[in-house]
Amino acid sequence: MGRVDRRDLLEQTRSLHEHTEAEWTGTEPIVKPIPAGEFYRCETNAEMRWEVLRGQGYLVPVANFFVRNHTSTPVIDAATWRLGVFGTGLAGQPTSVSPVTFTLDDLLRLPSRTVVTALECAGNGRSFFATQQGHAAPGTPWKLGGIGVAAWTGVPLSDVLDRAGLTSEATDVMPCGLDPGFVEDGIDYGPMRRPIPVAKALDDVILAYEMNGRPLPPDHGYPVRAIVPGWAGVASVKWVGQIEVSATPLTSYWNTRAYRLFGPPYPGGGTLITGQVVKSAFELEWGARLPANAPFLLTGRSWSGNGPIARTEVSTDGGRTWLPATSREAAPLAAAPRGMAPHSADGAWQLWELPWITPAPGRYELRARATDVTGATQPATATPNAGGYLFDAVVGHPVTIA
Ligand SMILES: Nc1nc2c(c(=O)[nH]1)N[C@H]1C(S)=C(S)[C@@H](COP(=O)(O)O)O[C@H]1N2
Ligand SMILES: [Mo]
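The sequence shown runs 17 to 418 under this note's numbering.
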């Protein structure tokens, strides 16, 4: 697919603005507290510091979950909120002006489903293209904290589409956010939206209204967001106000210009990003200081968009020798979300540990390398792409032994 014509996008954006424009009246793009000891802040985004997960359970607490906002968190009144579903893939082809509507109560009355899944930004790890491979890519310079695992509860998108009159003609389903439009180089691309093929939409996508057993907080999509398991976070549109169901392929900035792989290995119009890659992180401060010649339990987590992790190896000597890390069970969840067992080993990520006796004083780099059930493993070098997406290489984690 080629890059989409800007005029098409502007036309779409104009019509979306007529119906969905939210006003950003606040000055802060993120509503929840972003303490400097728990996050790295970058403009409208906040990256989780990995050290906060040491000693935590399987799920990332909502307070620590990373935030990726193209603009800013809108504060939405659930009482007046409506989901509008429209498009040429529905019976009667309702338009965006007179869509099939659902209230939050309508959604809450439908059967619910809980999925424990990772949500990760496709740009997670981008800064390592610069620091490890010498080619900086534009965009948020995430280290490894643009990921979280949560229990998401909501209504299967398939149930909502059925009730809205889905036809066999439908090909694409595009949730559209209620956040202020995204502007780049003076062009307003409108609120965040990205199409999902109808087969994926009907398979396992949910419209979530709870995160870890509580209503979604504003920054994570209140009152309703899409959760698209296994796909890059950008597909999981927050603050969904409308869903377009189309009998023809849909485009937006987010599947044509951004969140595609461009560059020599991806000729023509580039490659659409769907799934995520294999990654690992230590539950340890970046540049941590540890005492010399002392036992220290290295802990971390590995994950993959392809499925569960098969094994993780750790190197404490700059990648010369590797030791197998031991899988560890997460501590029981403090508050188990509705319908969820208190222990979870469902493959959203794998927790692991390796006992270490720290060496003599000096500067060292720790490395972790995971392999998933499909055999995909973390290479020494990630394949570059213009947007700096899907960094999967082993990351050298600096520590100072003092
Ligand atoms: N409406 C809307 N949805 C959105 C975004 C956004 O800016 N606006 N960001 C997307 C991206 S790029 C990611 S990685 C995830 C981040 O979800 P989180 O902020 O809940 O962690 O939300 C996705 N959904
Ligand atoms: Mo993202």
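We put the beta carbon where it would ideally sit given N, CA and C, even for glycine. Predicted model, so just to flag it, every value in this text is computed and none were measured.
1. Taking the straight line between their C-alpha atoms, what separation do you get for K48 and N85?
2. How many angstroms separate the CA atom of F298 from the CA atom of L314?
3. I'd like the list of long-range same chain contacts for F145, defined as Cβ closer than 8 Å, with 5 residues on each side in sequence excluded.
4. Using CA coordinates, which residue listed in T147, G257 and G237 is at the minimum distance from P191?
5. Do W319 and A134 count as a contact pair if the criterion is CB distance below 8 Å?
6. Answer yes or no: do L370 and R317 have a C-beta to C-beta separation smaller than 8 Å?
7. Are T104 and A263 touching if we call contact CB-CB under 8 Å?
8. Do you know how far the Cα of P395 is from the Cα of N322?
9. Can you tell me whether T41 is helix, strand or coil according to DSSP?
10. Leaving aside the five residues before and after G286 along the sequence, list all residues of the same chain whose C-beta is less than 7 Å from its C-beta, in chain order.
11. What residues in its chain sit with their C-beta under 8 Å from that of A310, if we drop five residues either side in the sequence?
12. Apart from the five residues just before and just after N61, which ones in its own chain have a Cβ nearer than 7 Å to its Cβ?
13. Excluding sequence positions up to five away, which residues of its chain have a Cβ less than 7 Å from the Cβ of L126?
14. Does the beta-carbon of V389 have 16 or more other beta-carbons within 10 angstroms, so that it is buried, or is it exposed?
15. From A418 to R379, what distance separates their C-alpha atoms?
16. Let me confirm a value: T147 is counted as buried when at least 16 other C-beta atoms fall within 10 Å, else exposed. Which label applies?
17. Are the CB atoms of S296 and A386 nearer to each other than 8 Å?
18. Looking only at its chain, what residues have a beta carbon closer than 7 Å to the beta carbon of M208, apart from the 5 residues adjacent to it on each side?
19. I'd like to know whether the C-beta atoms of L106 and A180 end up nearer to each other than 8 Å.
20. Report the rounded CA-to-CA distance for L173 versus I259, giving the unit in angstroms.
21. For D204, list the residues DSSP reports as bridge partners.
22. Under DSSP, the alpha helix (DSSP H) around L120 begins and ends at which residues?
23. Within a Cβ cutoff of 6 Å, which residues of the same chain sit near P45, ignoring the five residues on either side of it in sequence?
24. Where does D219 sit, in a helix, a strand or coil, going by DSSP?
25. For I243 and P307, what's the separation of their Cα atoms in angstroms?
26. Could you check where the beta strand (DSSP E) with R385 kicks off and where it finishes?
27. Less than 7 Å between the CB of K216 and some heavy atom of ligand 1, yes or no?
28. Return yes when the Cβ of G303 is within less than 8 Å of the Cβ of P414, no when it is not.
29. Going by the beta-carbon positions, is the gap between G164 and E63 smaller than 8 Å?
Checking against the coordinates, here is how it stands:
1. To locate residue 48, count along the sequence shown from 1; it is residue 32. To locate residue 85, count along the sequence shown from 1; it is residue 69. About 13 Å.
2. Numbered from 1 along the sequence shown, position 282 holds the residue referred to as residue 298. Numbered from 1 along the sequence shown, position 298 holds the residue referred to as residue 314. Going from the Cα of F298 to the Cα of L314 covers about 7 Å.
3. The residue given as residue 145 occupies position 129 in the sequence shown. The answer, listed in chain order, is H151, A152, A153, A398, P400, G404 and F407.
4. Start at 1 with the first residue of the sequence shown, and residue 191 comes out as number 175. When each option's Cα is compared against that of P191, the closest is G257.
5. Position 118 of the sequence shown, counting from 1, holds the residue named residue 134. Position 303 of the sequence shown, counting from 1, holds the residue named residue 319. Going by C-beta atoms, A134 is nearer than 8 Å to W319.
6. Stepping through the sequence shown from its first residue, residue 370 is reached at position 354. Stepping through the sequence shown from its first residue, residue 317 is reached at position 301. For L370 and R317, no; Cβs fall outside 8 Å.
7. Walking along the sequence shown from the start, residue 104 turns up at place 88. Walking along the sequence shown from the start, residue 263 turns up at place 247. For the pair T104 and A263, the CB atoms are nearer than the 8 Å cut-off.
8. As a working note, residue 322 is residue 306 in the sequence shown. As a working note, residue 395 is residue 379 in the sequence shown. If I take the Cα positions, the gap works out to 16 Å.
9. By 1-based counting over the sequence shown, the position of residue 41 is 25. Residue placement at T41 is flagged as unreliable, the pLDDT there being 41, under the threshold of 50; a coordinate-derived value is accordingly withheld.
10. Taking the first residue of the sequence shown as position 1, residue 286 is located at position 270. Within the same chain, G286 has close Cβ partners R276, L277 and F278.
11. Against the sequence shown, residue 310 aligns to sequence position 294. Only I373 and T374 meet the Cβ criterion.
12. The residue labelled residue 61 in the question sits at position 45 within the sequence shown. Excluding positions up to five away in sequence, the list reads V83, R84, N85 and T156.
13. Indexing the sequence shown from 1 puts residue 126 at position 110. Within the same chain, L126 has close Cβ partners V171 and D175.
14. Sequence index remark: in the sequence shown, residue 389 carries index 373 (1-based). Exposed, by the Cβ-count rule.
15. Taking the first residue of the sequence shown as position 1, residue 418 is located at position 402. Taking the first residue of the sequence shown as position 1, residue 379 is located at position 363. Going from the Cα of A418 to the Cα of R379 covers about 9 Å.
16. Translated into the one-based positions of the sequence shown, residue 147 becomes position 131. That one is exposed.
17. Locating residue 296 in the sequence shown gives position 280, where the first residue counts as 1. Locating residue 386 in the sequence shown gives position 370, where the first residue counts as 1. Yes, the pair counts as a contact, with Cβ atoms nearer than the cut-off.
18. Here residue 208 is taken as the residue at index 192 of the sequence shown, counted from 1. Here the set comprises H86, G193, D195, F198, V253 and W270.
19. For the purposes of this step, residue 106 is identified with residue 90 of the sequence shown, where counting begins at 1. For the purposes of this step, residue 180 is identified with residue 164 of the sequence shown, where counting begins at 1. Their beta carbons are under 8 Å apart, which means L106 touches A180 by this criterion.
20. Numbered from its first residue, the sequence shown carries residue 173 at position 157. Numbered from its first residue, the sequence shown carries residue 259 at position 243. Cα to Cα, L173 sits roughly 10 Å from I259.
21. Walking along the sequence shown from the start, residue 204 turns up at place 188. Beta-bridge pairing links D204 to V199.
22. Here residue 120 refers to the residue found at position 104 of the sequence shown. Residues L120 to R125.
23. Along the sequence shown, read from residue 1 onward, the residue named residue 45 stands at position 29. Excluding sequence neighbours, P45 sits near T60, N85 and S88.
24. Counted from its first residue, the sequence shown places residue 219 at position 203. Note: D219 maps to helix in three-state DSSP.
25. Residue numbering aside, residue 243 sits at position 227 when the sequence shown is read from its first letter. Residue numbering aside, residue 307 sits at position 291 when the sequence shown is read from its first letter. Taking the straight line from one Cα to the other gives about 42 Å.
26. Indexing the sequence shown from 1 puts residue 385 at position 369. Note, R385: beta strand (DSSP E), G378 to D388.
27. Start at 1 with the first residue of the sequence shown, and residue 216 comes out as number 200. Because no heavy atom of ligand 1 lies under 7 Å away, the Cβ of K216 does not count as near it: no.
28. Taking the sequence shown and counting its residues from 1, the one referred to as residue 414 is at position 398. Taking the sequence shown and counting its residues from 1, the one referred to as residue 303 is at position 287. In this structure, P414 sits near G303, with a CB-CB distance shorter than 8 Å.
29. Reading the sequence shown from its first residue, position 148 is the one you call residue 164. Reading the sequence shown from its first residue, position 47 is the one you call residue 63. For the 8 Å CB-CB criterion, G164 and E63 do not form a contact.
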